[in-house]
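**Q** Here you go, one structure.
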Amino acid sequence: MTIKTVSTQPIQGQKPGTSGLRKKVRVFQQTHYLENFVQSIFDALEGYQGQTLVLGGDGRYYNREALQIILKMAAANGFGKVLIGRGGLFSAPAASCVIRKYKAFGGVLLSASHNPGGPNEDFGIKYNISAGGPAPEQVTNAIFERSQHIDRYLIVDAPDVNLDSLGESQVGDMKVNVIDPVKDYAELMEHLFDFDRLSALLAGNFSMRFDAMNAITGPYARAILEERLGAPPGTVMRGTPLPDFGGAHPDPNLVHAHDLVELLDGPNAPDFGAASDGDGDRNMILGRHFFVTPSDSLAVLAANAHLVPGYHRGLNGVARSMPTSQAVDRVAEVQGIPCYETPTGWKFFGNLLDAKRITLCGEESFGTGSDHVREKDGLWAVLFWLNVLAKRGESVEEIVRAHWARFGRNYYTRHDYEAIDSEKAQGLIDALRDRLGELPGQTLGTYTVDWADDFSYTDPVDNSVSSHQGIRVVFKGGARVVYRLSGTGTEGATLRVYIERHEPDPQQHGQDPQTALQELISIARDLAQIEGRTGRAEPDVIT
Ligand code: G1P
Ligand code: ZN
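For the sequence shown, the residue numbers in my numbering are 77 to 619.
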């Protein structure tokens, strides 16, 4: 094996965010850019000589080219074996499943999640550790640190690997095994859910549609829902992964999954609709003429987990990211299990899952998951819902309304101000932080501030501290507003404002959230002087 040592220099701005490094494709295509980051990952790790690396991506533009480079670098750096999905494909949860099942050293996943793909769009790279989850902050910091001093990378001279046929080949001294990206994941799902019951449901009058958004979950959903569980062909919409996602924005929300939303709102609406994102870790759940917010979805799954074989013994605990609504907290309270509040980003759930402190977790940003893997999992959430629907024999709407009647409804909304000037955005957050001390006791409209802080998280397992995770302003009675800057945007800054209040009275559960939260929304805008500081009178996206 001939290893080439290529001289290089640090490239500015290779700081991985909450979900790895995300940049425009053309940034990744710059000389040494990808290579520098990959070598920085390897240099930041120890003990991988001869070990197995899992490799794959969501199939977006530049996936195949990048994989061939990474294969040659993995060989040069001394990995013993790479497991790679056929076609270079793996959904994020399936990669996590494979890392865990085959006891791999880790995985390199190529995706920019729900961001658009194509030559002028986004690409990304993320390192996952042996537990199967995204690298914790110590590791991403070490990768960044290394990228600032890198002076060489290692690569072998070898022909490209044929990624389209299953089987073993060799790159230098390293084995490469092209495996079916669906098989191991499908087996895990079969183990967690009552597939006989799901088949019976899907064979009956029940109808559903799953929108794979031209992204990675197409092959998974077709194999599991249509082939294995017998849902009629066509149940999976936009089921073929395309390098540019067909020009669509593969983010499962009410805006970007509009065809699905129209179907579920239409005259012959199916009973159930769901969608997943670019790399398959997010999910959106819809009933007939009914949208389930991700925060409510987490709470409903937690409340009904005992109905599902994989969780029938009950939950160890639950966790949600700090800005996620507190709906699941009420379920945890009733079940007498702990509920953890973590910073935004899936990686913060990893330690809690490994330590068996929690079983289910989720984020408001359409992410839900459990201890079965260490990524959030779109299709898993869909199968979980189907299992609950099959067991309860009620509609999605009936289940959610019954949930609100029992636990109260957490009215919730997120307002995003996108691509704003980074300095102005930071200025807005800094100004809020400076005023935290003077807020308690202040009366704003009918609300009085109870307390306010800049969220800091101490991991209960390893005691690591993550500070500056978002400004919380909590009012007497528990209503709250949270402000934070996105860690995943690729243009300027995105300000996210999360607004929430609990409504115990079932008579009041029929409102539209924007109406139910009207006063808090305007308090949130005034308090942070959003228009004055950013020039934006209205958010770009309301969820
Ligand atoms: C967003 C979501 C966050 C999620 C992340 C990766 O991050 O808010 O919950 O973990 O994408 O999917 P943000 O852009 O807010 O930093
Ligand atoms: Zn994703």
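The beta carbon of each residue, even a glycine, is placed where N, CA and C say it ideally should be.
Using only the alpha-carbon positions, how far apart do residue 614 and residue 492 sit?
**A** C-alpha separation (whole angstroms): 9 Å.
**Q** Could you tell me whether the stretch 437-456 touches the stretch 531-549, where touching means 3 or more Cβ pairs closer than 8 Å?
**A** The stretch 437-456, when compared against the stretch 531-549, does not touch it at the 8 Å Cβ threshold.
**Q** In three-state DSSP terms, what is residue 334?
**A** Helix.
**Q** Would the stretch 351-358 count as touching the stretch 448-459 if we require 3 or more Cβ pairs under 8 Å?
**A** Enough Cβ pairs lie closer than 8 Å, so yes.
**Q** In whole angstroms, give me the CA-to-CA distance for residue 407 and residue 435.
**A** Rounded to whole angstroms, residue 407 to residue 435 spans 13 Å at the Cα level.
**Q** For a test of your reading of the model: does the CB of residue 325 fall under 6 Å from any non-hydrogen atom of the ligand ZN? Yes or no.
**A** No, the ligand ZN has no heavy atom inside 6 Å of this Cβ.
**Q** Apart from the five residues just before and just after residue 213, which ones in its own chain have a Cβ nearer than 8 Å to its Cβ?
**A** Result list for residue 213: 423, 540, 542, in chain order.
**Q** Alpha carbon to alpha carbon, how far is residue 188 from residue 217? Give it in angstroms, no decimals.
**A** Those two C-alpha atoms are separated by around 19 Å.
**Q** Tell me the rounded alpha-carbon separation between residue 369 and residue 360.
**A** Rounded to the nearest angstrom, the two C-alpha atoms are 8 Å apart.
**Q** Can we say the stretch 526-534 touches the stretch 507-514, given the rule of at least three CB pairs closer than 8 Å?
**A** Touching, yes, given that three or more Cβ pairs across the two stretches are closer than 8 Å.
**Q** What are the boundary residues of the alpha helix (DSSP H) that includes residue 529?
**A** Here residue 529 belongs to no alpha helix (DSSP H); instead the beta strand (DSSP E) covers 523-530.
**Q** Taking only three categories from DSSP, how would you classify residue 553?
**A** Three-state DSSP puts residue 553 in coil, outside helix and strand.
**Q** Could you round the C-beta distance between residue 175 and residue 208 to whole angstroms and report it? I think they count as a contact, below 8 Å.
**A** Right, their Cβ atoms sit about 4 Å apart.
**Q** Answer with yes or no whether the minimum CB distance from residue 553 to chain D is below 7 Å.
**A** Absent from the structure is chain D; it holds one protein chain and no more.
**Q** Taking the alpha-carbon positions, what's the residue 261 to residue 518 distance?
**A** Distance between the alpha carbons of residue 261 and residue 518 is about 52 Å.
**Q** To test your reading of the DSSP string, which unbroken alpha helix (DSSP H) runs of 4 or more residues are found completely within the stretch 122-185?
**A** Qualifying alpha helix (DSSP H) stretches, in chain order: 139-153, 168-177.
**Q** Comparing C-alpha positions only, which one of 451, 483, 308, 323 sits nearest to residue 378?
**A** Measuring from the Cα of residue 378, the nearest candidate turns out to be 483.
**Q** If you measure from the CB of residue 332, is any heavy atom of the ligand HEM nearer than 6 Å?
**A** Among the ligands present in this structure, namely the ligand G1P and the ligand ZN, the ligand HEM is not found.
**Q** How many whole angstroms separate the CB atoms of residue 146 and residue 184, which I take to be in contact at a CB cut-off of 8 Å?
**A** About 6 Å separates the two Cβ atoms, so the contact holds.
**Q** Within 10 angstroms of its Cβ, does residue 622 collect 16 or more other Cβ (buried), or is it exposed?
**A** Beyond the ends of the chain as shown, which are 77 and 619, falls residue 622; an answer cannot be given.
**Q** Can you check which of these residues, 446, 396, 333, 364, is closest to residue 381 by C-alpha distance?
**A** Of 446, 396, 333, 364, the residue nearest in Cα terms is 446.
**Q** With a 10 Å radius around its C-beta and 16 neighbouring C-beta atoms as the bar for buried, classify residue 179 as buried or exposed.
**A** So residue 179 ends up on the exposed side.
**Q** Measuring CA to CA, which of 206, 227, 195, 319 is closest to residue 172?
**A** Minimum Cα distance to residue 172 is reached at 206.
**Q** Could you tell me the boundaries of the beta strand (DSSP E) in which residue 425 lies?
**A** Premise fails: residue 425 is in no beta strand (DSSP E) and is neither H nor E.
**Q** Got a sec, what are the start and stop residues for the beta strand (DSSP E) residue 352 sits in?
**A** 348-352 is the extent of the beta strand (DSSP E) around residue 352.
**Q** Just checking residue 567 against the ligand G1P - is the residue's beta carbon closer than 6 Å to any of the ligand's heavy atoms?
**A** No, the beta carbon of residue 567 sits no closer than 6 Å to any heavy atom of the ligand G1P.
**Q** Given this structure, state the Cα-to-Cα distance separating residue 578 from residue 152, to the nearest angstrom.
**A** Cα to Cα, residue 578 sits roughly 56 Å from residue 152.
**Q** Which whole-angstrom value is the C-beta distance of residue 448 and residue 268, which I expect to be below 8 Å?
**A** Correct: roughly 6 Å between the Cβ atoms.
**Q** Specify, as a first and last residue, the run of the alpha helix (DSSP H) that residue 88 falls within.
**A** First-last for residue 88: undefined, no H or E at that position.
**Q** If we ignore side chains and look at the alpha-carbon of each, how far apart do residue 221 and residue 122 end up?
**A** Each residue's alpha carbon lies about 15 Å from the other.
**Q** Can you tell me whether DSSP reads residue 271 as helix, strand or coil?
**A** Here residue 271 sits in helix by DSSP.
**Q** In terms of residues, what are the limits of the alpha helix (DSSP H) holding residue 220?
**A** 213-223 is the span of the alpha helix (DSSP H), which, as asked, contains residue 220.
**Q** What's the gap between the Cα of residue 589 and the Cα of residue 297?
**A** If you take the alpha carbons of residue 589 and residue 297, they lie about 31 Å apart.
**Q** From 374, 431, 124, 242, pick the residue whose C-alpha is nearest to that of residue 405; which is it?
**A** It is 374.
**Q** Once the 5 residues before and after residue 120 are set aside, which same chain residues still bring their CB inside 7 Å of it?
**A** Closer than 7 Å at the Cβ level, and outside the excluded window around residue 120, lie 215, 218, 219, 222.
**Q** Report the rounded CA-to-CA distance for residue 414 versus residue 428, giving the unit in angstroms.
**A** Taking the straight line joining both Cα atoms gives about 11 Å.
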